[in-house]
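**Student:**
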Amino acid sequence: GAGVSQSPRYKVAKRGQDVALRCDPISGHVSLFWYQQALGQGPEFLTYFQNEAQLDKSGLPSDRFFAERPEGSVSTLKIQRTQQEDSAVYLCASSLDNLGGEQFFGPGTRLTVL
Amino acid sequence: GDSVTQMEGPVTLSEEAFLTINCTYTATGYPSLFWYVQYPGEGLQLLLKATKADDKGSNKGFEATYRKETTSFHLEKGSVQVSDSAVYFCALTHYGGATNKLIFGTGTLLAVQP
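From first to last, the protein sequence lines are chains A and B.
Position in the first sequence counted from 1, then plus 878, gives you my numbering.
Position in the second sequence counted from 1, then plus 14, gives you my numbering.
Below, the structure is given as structure tokens:
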């Protein structure tokens, strides 16, 4: 079956531009997570959705970062007025339920801000 | 807050050598522990997990034992193959929490030479 997909796979933005990153979780998965992975580092949690509800956004680094999952399936991570420090790989993961089941990761979107 | 520390890489081994990648954690309560693997060009995949003290997780010849007394979860394999070359991440989560977010170490690059 299809896994988690993300688009675009690569994004180059000029500093100050807005970007939108898309995540298509595995169909039927209740939980969706966004992580940020800087070069040479492990992924760091950004935000968590249970269906359409954003239950935890404690990891979002600034108010320039915004995420949504309006119908409880596809999610979009938006970064406004991008800065060079936003350059990273953005990973999406989904899990079947909200009971801590295995998280399945997408391939990530590599964002480079020039 | 909770954290994971793993040995820095790269780790370079010859085929059939014994592998150990050290991982220690700091956490309140009784977290669940994981090893994820990232093969070149692919997304993160769960390799193995352990949910309570003294549990041993195993998969594909890899194993790790949850040691609460030493707060460790070291990854081992008796005989590595070239195909094991990847980045390995140790991680933890607290099941039953509001988020079940994963907290990762910085990753260890393993390069296996024929």
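We treat Cβ as the ideally placed atom computed from N, Cα and C, and that holds for glycine.
Note that the structure is predicted; figures quoted are calculated from it, not measured.
Would you mind sorting tyrosine 39 (chain B) into buried or exposed? The rule is 16 or more other CB atoms within 10 Å of its CB.
**Tutor:** Counting from 1 along the second sequence, the entry for residue 39 (chain B) is found at position 25. Buried.
**Student:** What are the residues in the segment 968-987 of chain A lying within 9 Å of chain B by C-beta distance?
**Tutor:** Leu969, Ala971, Ser973, Asn976, Leu977, Gly978, Gly979, Glu980, Gln981, Phe982, Phe983, Gly984, Pro985, Gly986
**Student:** Check whether the Cβ of glycine 950 (chain A) lies closer than 8 Å to any Cβ atom in chain B.
**Tutor:** Within the first sequence, residue 950 (chain A) is the residue found at index 72, counting from 1. Not one chain B Cβ lies under 8 Å of glycine 950 (chain A).
**Student:** So the beta strand (DSSP E) serine 883 (chain A) belongs to, where does it begin and stop?
**Tutor:** Residue mapping note: residue 883 (chain A) aligns to position 5 of the first sequence, counting from 1. Segment 883-885, the beta strand (DSSP E) holding serine 883 (chain A).
**Student:** Whose CA, out of B:Ala78, B:Glu22, B:Pro45, lies closest to the CA of tyrosine 109 (chain B)?
**Tutor:** Position 95 of the second sequence, counted from the first residue, corresponds to residue 109 (chain B). Of the candidates B:Ala78, B:Glu22, B:Pro45, B:Pro45 places its Cα closest to the Cα of tyrosine 109 (chain B).
**Student:** Might you give, ordered along the chain, the residues of its own chain that have their beta carbon closer than 7 Å to the beta carbon of valine 18 (chain B), omitting 5 neighbours on each side?
**Tutor:** Locating residue 18 (chain B) in the second sequence gives position 4, counting from the first residue. Closer than 7 Å at the Cβ level, and outside the excluded window around valine 18 (chain B), lie Cys37, Tyr39, Cys104, Ala105, Leu106, Ile117, Phe118, Gly119.
**Student:** Taking C-alpha atoms, which residue in A:Ser909, A:Glu980, A:Leu969, A:Ser883 lies nearest to arginine 947 (chain A)?
**Tutor:** As a first step, residue 947 (chain A) must be located in the first sequence, where it is residue number 69. When only C-alpha atoms are compared, the closest one is A:Ser909.
**Student:** Over the uninterrupted beta strand (DSSP E) stretch that includes glutamine 916 (chain A), give me the two end residues.
**Tutor:** Taking the first residue of the first sequence as position 1, residue 916 (chain A) is located at position 38. The amino acid at residue 916 (chain A) is misidentified as glutamine; the sequence shows alanine. Element bounds for alanine 916 (chain A): n/a, residue is neither H nor E.
**Student:** Less than 8 Å separating the beta-carbons of glutamine 959 (chain A) and aspartate 896 (chain A)?
**Tutor:** Here residue 959 (chain A) refers to the residue found at position 81 of the first sequence. Here residue 896 (chain A) refers to the residue found at position 18 of the first sequence. One detail in the question is off: residue 959 (chain A) reads as arginine in this sequence, not glutamine. Yes.
**Student:** May I ask you to report which of helix, strand or coil DSSP gives valine 18 (chain B)?
**Tutor:** As a first step, residue 18 (chain B) must be located in the second sequence, where it is residue number 4. Residue state, collapsed to three classes: strand.
**Student:** So, is proline 939 (chain A) buried or exposed, given that buried needs 16 or more other C-beta atoms within 10 angstroms?
**Tutor:** Walking along the first sequence from the start, residue 939 (chain A) turns up at place 61. With fewer than 16 other Cβ atoms within 10 Å, it is exposed.
**Student:** Which residues in chain A sit within 7 Å of leucine 60 (chain B), going by Cβ to Cβ distance?
**Tutor:** Counting from 1 along the second sequence, the entry for residue 60 (chain B) is found at position 46. Glu980, listed in chain order.
**Student:** If you compare alpha carbons, which of B:Gly71, B:Tyr50, B:Thr34, B:Gly23 is closest to glycine 92 (chain B)?
**Tutor:** Taking the first residue of the second sequence as 1, we reach residue 92 (chain B) at position 78. It is B:Thr34.
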